[in-house]
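Taking it in order: structure first as structure tokens, then the write-up.
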Amino acid sequence: MSRHKSYGKATTGAKKRNVLKRFERVQLMKEREQWKDRVSVFSLPKTKVAS
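Below is the structure:
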């Protein structure tokens, strides 16, 4: 049975993400000491992905 071409190639490597999930942004801001307690987790500032 063959695979549909929309599934992509089986040998595709992991792509570099340029967007962090909310919990990753909060964790990164805590590491950088930019996180303040009692702040809403919605409308967080943009954070750059560490290379």
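Under this note's numbering, residues 8 to 58 are what the sequence shown spells out, in order. The beta-carbon is built from N, C-alpha and C at its ideal position, and this holds for glycine as well.
Annotated three-state conformation of MET8 is coil, per DSSP. The C-alpha of ARG32 lies about 29 Å from the C-alpha of GLY15.
Just measuring C-alpha positions, the residue of LYS23, ARG10, LYS22, ARG29 sitting nearest SER47 is ARG29. If you draw a straight line from the Cα of SER50 to the Cα of LYS37, it comes to about 16 Å.
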